[in-house]
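>
Residue numbers (the working numbering): 6 to 146.
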């Protein structure tokens, strides 16, 4: 995306990602990237990431909902990150990018998994969330 001229906000719950990823970016592109610590299951943290991105770059044109975890022992957390996080992202994108709300429009990409199409017997909650993301995406259009 950087090579195509886009500015990128990388959001992750793990602050080490933010400390380490700039090393891999070319020097002339570092001003095109910002890191936001963000737990996507928290609407307020996700909102803060949107705010920081807009403060840094002026607008948001693309959201890629790509956060995901796989830990069936913490199934509620799997639902919060893998499904609720996508809902949070979509709603915030509508709010911040919506032309009717003063935004410039934009695109939301929700990533899924083959788990939405093929059963994973040891990961039913994860698979169910991925089914949900597909249904949610289809319903939002």
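For glycine and all other residues, C-beta sits at the position ideal for the given N, C-alpha and C. Since we're looking at a predicted model, the values are computed, not measured.
Run through DSSP, which three-state label would residue 113 get?
Here residue 113 sits in strand by DSSP.
> Considering only the alpha carbon of each residue, which of 51, 46, 103 lies closest to residue 85?
The option with the nearest alpha carbon to residue 85 is 46.
> Where does residue 135 sit, in a helix, a strand or coil, going by DSSP?
DSSP places residue 135 in helix when its eight states are reduced to three.
> DSSP on residue 3, reduced to helix/strand/coil?
This structure does not reach residue 3, given that the chain is present from 6 up to 146, and the question cannot be answered.
> Hey, is residue 19 close to the ligand FMN, as in C-beta under 8 Å from one of its heavy atoms?
The ligand FMN is absent from the structure shown, which contains no ligand whatsoever.
> Can you tell which of 126, 26, 79, 146 has the C-alpha that lies nearest to the C-alpha of residue 17?
Taking only the C-alpha atoms, the option nearest residue 17 is 26.
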